[in-house]
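Engineer: Take this structure, written in C-alpha cells, and hold onto it; I'll ask about it next.
Protein chains: 2
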Amino acid sequence: MTASDLLDLDTPSLLLDEQRMERNIRRLQSHLSVLRVPLRPHLKTAKSIEIAQRLMRDPSGPATVSTLQEAEAFADAGVRDLLYAVGIAPGKLPRVVALRRRGVDLSVILDSLDQARAVAAACSEHRMRIPVLIEIDSDGHRAGVQPGDPLLIEVGRVLHEGGADLRGVMTHAGGSYGSRNAAELENAAEQERAAVMRCAEELRAAGLPAPVVSVGSTPTAHFARRLDGVTEVRAGVFVFMDLVMAGIGVCSVDDIAISVLAAVIGHRPDKNQLLVDAGWMALSRDRGTASQAVDWGYGRVCDIAGRPIGELMVSQANQEHGIIESREPGSPVPALPIGTRVRILPNHACATAAQHLGYVVLRDGAPVARWPRIPSGW
Amino acid sequence: MTASDLLDLDTPSLLLDEQRMERNIRRLQSHLSVLRVPLRPHLKTAKSIEIAQRLMRDPSGPATVSTLQEAEAFADAGVRDLLYAVGIAPGKLPRVVALRRRGVDLSVILDSLDQARAVAAACSEHRMRIPVLIEIDSDGHRAGVQPGDPLLIEVGRVLHEGGADLRGVMTHAGGSYGSRNAAELENAAEQERAAVMRCAEELRAAGLPAPVVSVGSTPTAHFARRLDGVTEVRAGVFVFMDLVMAGIGVCSVDDIAISVLAAVIGHRPDKNQLLVDAGWMALSRDRGTASQAVDWGYGRVCDIAGRPIGELMVSQANQEHGIIESREPGSPVPALPIGTRVRILPNHACATAAQHLGYVVLRDGAPVARWPRIPSGW
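Chains as they are written, first to last, in my numbering: chain A, 149 to 526; chain B, 149 to 526.
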C-alpha cells in the first residue's frame, strides 16, 4: 500500500471500511448462532479471497458462488465446499465434473426435468454422483418449482434414480427486497422457510433424500425469527450492506462498508449541480433505490470521512462523469472546490463492487491494504 | 481460439461480429471524408488494442480516451496522440505529465478557472506546456463553458499566459441522444458545430490561439451536413452501435456488432417467461431504451444466428439471471429447450462491453479469435 492518506489515492477508487465490514459479519453470524443455523456465505458480492476468509467459518468453506469462474478461483484458494446457486446449464456440466475431480464438493441447483436428465446423464457418463439441490420458488421471484407442484417429486426421482446425489432443496427469497418494514421482513423469512420445509417434507414422504434445506437472502437472514428445519442460510450483500438494504430497514447508512472515492471536477451553479469523476463505470448503472420510498439516484454523497453531506446524491451518470444534485429540489448544493474528495455510497453493493478490480481497505479511516477482486468473467 | 462453433463457447460470452464492426467504421469514415474532417475515435467503447488499430487512421492515433488508465494502456501499444476527454482533476496532473514525458501528445480538457490555474501551476512546476482544450457546453448536457460567457476568455488567458498550450475548444453533444428523427439529429449537429465555432472565434478575437475545434457524439457525427471550421470529430459507440442508437435512427438493428451469448436455464410457462444465464453482470444495468419509444428492457433477444426472435427482450436482470418476456404483453414466449443458445443485443454498447474481459470475434458467424479488453480501472 503506497498511499497513506485518502488524498493520495487515484480517483475513482473503491474504498472498504474494514471495521464496518467486520461488524456486519459479526451481526449476522451472531443472529444465526442464536437460531443455531450455519451460514453458507455468498461470495458473489465481494469476489475476494481475503474477504471470503473473513466470511467463512473455515478456510475450506462452506460458501456459495454465482459463477463457475468464482468456483474455480475460490477452489484455487482452498475452498472445498461450494454451492453454485444459479440453475445449471447443461453445457456447464463438464466444468462441474472437473471441479469435483479436483476434490471440491461442488453442488448444483435446478428446477426442471430437462436439467435433471442432463445431470443424470453426466453422472452416468462420468461415473460420478453430482450433488444437486432442487430450487424452490418461495415467493414468485424468479426460478424454482412451486410448493405443491408434483414436478418436485418427478425431478427428485429422475435425480435419485439417475445416479445424482440428491441433497435436498434450496430457495432464495428475492421478493423480500420489496419489503417495507420489519413485520414484512419477518413474514418474508417465515414464508421462505415454510415453502422450502414443505418441499423437503414432500421429498422425504416420497422416500427421497433431502438432508439439506437451504434458504437465503440478506433481508430474510437478518429478520428470521426461527429457522426450524433449515440446515443452512445463504446471504451475500450483508458483508457490505448498501442503500437498498438501508431503504428496507435491514441496516443503517452507517453500516455501509463500501464507497467510491471521487473528485469534484466541475461546478454548474446555474443548474445547482457539481460534477465528479465517478460515472456509471465506477458506480454501476444500478438504480435499486428508484423503486424505494427514498430514491438516491446513483448513490448518496458523503464527505471524505464518510459522513453524508445533506441530501446530496449522484442524480445522473455518464461513463466517467457523475452529476451531483440535492435530493430536495431547490436545496442549495455546496460549491465544493475543484479537487475536493467525496465518497459515494452505492445503491447495490454487488453491482458497484463489480465495476472495480479491487478494494482499498481502510482501518480507522486510513488506507492500510489493497485486496484484489477475482477477475470478472464466467 | 479453441471453440470453432458458438455451441462450444462458455455462456455468457461477449460476441463481436467483425464484419458489422468494419461496416460501421467504414460508414462513419466515408461520411467524414466527404465533409473533409478527420476522426479522432473514442476508444472508451471498445477498450481494445486490436479494435483501436482498426478505428484509427494510423497506429499512432489520433484517438480519444475517457481515463488515464486507457491513455497509459494505449500509449504502451504505441498510440502517441491522445485527448483525455473528461474535465481534468488537479490530482491527475502528475500522471498527465508522466505520459507526456514518455512522448505521448496527451491533451486535457477543462471548463473552470480553478482547473486552468492548476494546469498553469503544473506547467510551471514541470517546465512543460500541457496542451488544453476548453470544454464548451453546446446543449446543456453536462459540463462546459456556455457560449457567450466571459469565463471563456478568462480561462483562455489563465492558460495562455500561464504557460499551457491552449489548443482550442471541444464539445460533446450528449443531448443528441434525446433526438427522435433525422431532422432533430441534423439540428443537434449544427447546434454543436455553431456553439463551438462561436467560442473558437471569440478566443481568436481576443488574441488567443484556438487551432483545434473538436466536436463529437455518435449521433451528430453521422448526421452532420456540414462541419465548416471543425478540425476533428470524436465518436465512440459507432464502432459497435446498440439499441439506443437504433432507437433514435442512427443505425438499424442489423448494424449492432456486439451481443451477449447466453443459454436458457429455466422455463416459467405460468408467467410466460424464460430464464437465461446472463444477468446484469453480463448485460450491465443500463436501461438506455427505457426513455425511448420502444423499451427493450435489458436487451433484445435473438437466435444463435443473431436474428431477433419476435419481440423477445430481457425484461428483468439479477446478477447472473436474465428473465425473458415478450415486449407485447400476452404474446406467447416460445418454449426454447433448456440449453438453447440465444444472443442478446445491448441497450448501450459501452456499458455492456465493460462487463466483459474480452471479445469473441466472429467472422461469417463463426468464432475466429479472442481479443482482450484492456483491464478496467482508472
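Every residue, glycine too, gets a C-beta built ideally from N, C-alpha and C.
Taking CB distances under 8 Å as the criterion, tell me whether residue 248/A reaches chain B.
Structural biologist: It does not: the Cβ of residue 248/A has no partner Cβ on chain B nearer than 8 Å.
Engineer: For a contact defined as C-beta to C-beta under 7 Å, what are the partners of residue 468/B on chain A?
Structural biologist: Simply 214, 215 and 234.
Engineer: Scan the stretch 157–223 of chain B and note each continuous beta strand (DSSP E) run of 3 residues or more that stays entirely inside, going in chain order.
Structural biologist: 161–165 and 211–213, all fully within the stretch 157–223 of chain B.
Engineer: Cα-Cα, which of 263/A, 471/A, 181/A and 343/A is closest to residue 287/A?
Structural biologist: Nearest of 263/A, 471/A, 181/A and 343/A to residue 287/A, Cα basis: 343/A.
Engineer: Taking only beta-carbon atoms, is residue 432/A less than 8 Å away from chain B?
Structural biologist: It does: the Cβ of residue 432/A has a partner Cβ on chain B nearer than 8 Å.
Engineer: Measure the C-alpha to C-alpha separation of residue 159/B and residue 206/B and round it to an integer number of angstroms.
Structural biologist: Cα to Cα, the separation comes out at about 35 Å.
Engineer: So what does residue 276/B bridge to, in DSSP terms?
Structural biologist: Partner(s): none; residue 276/B has no beta bridge.
Engineer: Residue 466/B: buried (16+ other C-beta within 10 angstroms of its C-beta) or exposed?
Structural biologist: The residue is buried, with at least 16 neighbouring Cβ atoms inside 10 Å.
Engineer: Quick test of the definition: if touching needs 3 or more C-beta pairs under 8 Å, does the stretch 496–515 of chain A touch the stretch 391–405 of chain B?
Structural biologist: Touching, no.
Engineer: Tell me whether the beta-carbon of residue 423/A lies closer than 8 Å to the beta-carbon of residue 235/B.
Structural biologist: Against a cut-off of 8 Å, the Cβ pair of residue 235/B and residue 423/A comes out as a contact.
Engineer: Which whole-angstrom value describes the C-beta separation of residue 405/B and residue 175/B, a residue pair presumed to lie in contact below a C-beta threshold of 8 Å?
Structural biologist: Contact doesn't hold; Cβ gap of about 12 Å is too wide.
Engineer: Look at residue 223/B and residue 203/B and say whether their C-beta atoms are less than 8 Å apart.
Structural biologist: No; because the gap between Cβ atoms is not below 8 Å, this pair is not in contact.
Engineer: For a contact meaning CB atoms closer than 9 Å, what does residue 159/A contact in chain B?
Structural biologist: Ordered by position in chain B, the residues that pass the 9 Å Cβ test against residue 159/A are 237, 239, 240 and 526.
Engineer: Looking at the C-beta of residue 323/A, does it have a partner C-beta in chain B at a distance below 8 Å?
Structural biologist: Chain B contact via Cβ: absent.
Engineer: List in chain order: all unbroken alpha helix (DSSP H) runs of 4+ residues lying wholly within the stretch 251–311 of chain B.
Structural biologist: Listed in chain order, they are 261–274 and 299–309.
Engineer: Here's the rule: buried if 16 or more other CB atoms are within 10 angstroms of the residue's CB, otherwise exposed. What is residue 329/B?
Structural biologist: Classification of residue 329/B: exposed, given that the 10 Å Cβ count is below 16.
Engineer: Would you check if the stretch 446–454 of chain B and the stretch 247–258 of chain A touch, i.e. whether three or more CB-CB distances between them fall below 8 Å?
Structural biologist: Result no; under three Cβ-Cβ pairs closer than 8 Å.
Engineer: Which residue from 412/A, 165/A and 154/A puts its Cα closest to that of residue 387/A?
Structural biologist: With distances taken between Cα atoms, residue 387/A lies closest to 165/A.
Engineer: Mind checking if residue 192/B is an interface residue toward chain A, Cβ cutoff 8 Å exclusive?
Structural biologist: It does: the Cβ of residue 192/B has a partner Cβ on chain A nearer than 8 Å.
Engineer: Does residue 415/A get closer than 8 Å to chain B when you measure Cβ to Cβ?
Structural biologist: Yes, contact with chain B.
Engineer: With a 10 Å radius around its C-beta and 16 neighbouring C-beta atoms as the bar for buried, classify residue 480/A as buried or exposed.
Structural biologist: Residue 480/A is exposed by the Cβ-count criterion.
Engineer: If you measure from the beta carbon of residue 443/B to each beta carbon in chain A, is any gap under 8 Å?
Structural biologist: No - not a single Cβ of chain A is within 8 Å of the one on residue 443/B.
Engineer: What does residue 264/B touch in chain A if you count any residue whose Cβ is under 7 Å from its own?
Structural biologist: Correct list: empty, because the minimum Cβ distance to chain A is about 10 Å.
Engineer: By DSSP, does residue 519/B sit in helix, in strand, or in coil?
Structural biologist: Residue state, collapsed to three classes: strand.
Engineer: Thinking residue 409/A and residue 489/A are a contact (beta carbons under 8 Å), I'd like their distance in whole angstroms, please.
Structural biologist: So it is a contact: roughly 6 Å between Cβ atoms.
Engineer: Compile a chain-ordered list of the residues in the stretch 467–495 of chain B whose CB is closer than 9 Å to at least one CB of chain A.
Structural biologist: Taking 9 Å as the Cβ-Cβ cut-off against chain A, the residues of the stretch 467–495 of chain B that qualify are 467, 468, 469, 471, 485, 486, 487 and 489.
Engineer: State the Cα-Cα distance for the pair residue 212/A and residue 221/A, rounded to the nearest angstrom.
Structural biologist: Each residue's alpha carbon lies about 13 Å from the other.
Engineer: For a cutoff of 8 Å on Cβ pairs, would you count residue 429/A as touching chain B?
Structural biologist: Yes, residue 429/A counts as interfacial toward chain B.
Engineer: Taking residue 459/B as part of the beta strand (DSSP E), name the residues at either end of that continuous run.
Structural biologist: That run of the beta strand (DSSP E) goes 456–465.
Engineer: Would you list, in sequence order, the uninterrupted beta strand (DSSP E) runs of no fewer than 3 residues that lie entirely inside the stretch 471–512 of chain A?
Structural biologist: The stretch 471–512 of chain A contains these whole beta strand (DSSP E) runs: 489–493 and 506–511.
Engineer: Could you say if the stretch 320–335 of chain B and the stretch 350–359 of chain B meet the contact criterion of at least three C-beta pairs nearer than 8 Å?
Structural biologist: Output reads no: the stretch 350–359 of chain B does not touch the stretch 320–335 of chain B.
Engineer: Buried or exposed for residue 513/B, please, with buried defined as at least 16 other CB atoms from any protein chain shown within 10 angstroms of its CB.
Structural biologist: Counting Cβ neighbours within 10 Å, residue 513/B comes out exposed, since fewer than 16 surround it.
Engineer: With which residues is residue 319/B paired in a DSSP beta bridge?
Structural biologist: In DSSP, residue 319/B forms a bridge with 284/B.
Engineer: Just the Cα atoms here: how many angstroms apart are residue 183/A and residue 303/A?
Structural biologist: Distance between the alpha carbons of residue 183/A and residue 303/A: 31 Å.
Engineer: Where does residue 426/B land, buried or exposed, given buried means 16+ other C-beta within 10 angstroms?
Structural biologist: When all chains shown are included, residue 426/B counts as buried.
Engineer: Could you compute how far the alpha carbon of residue 216/B sits from the alpha carbon of residue 526/B?
Structural biologist: When rounded, the distance between both Cα atoms is 6 Å.
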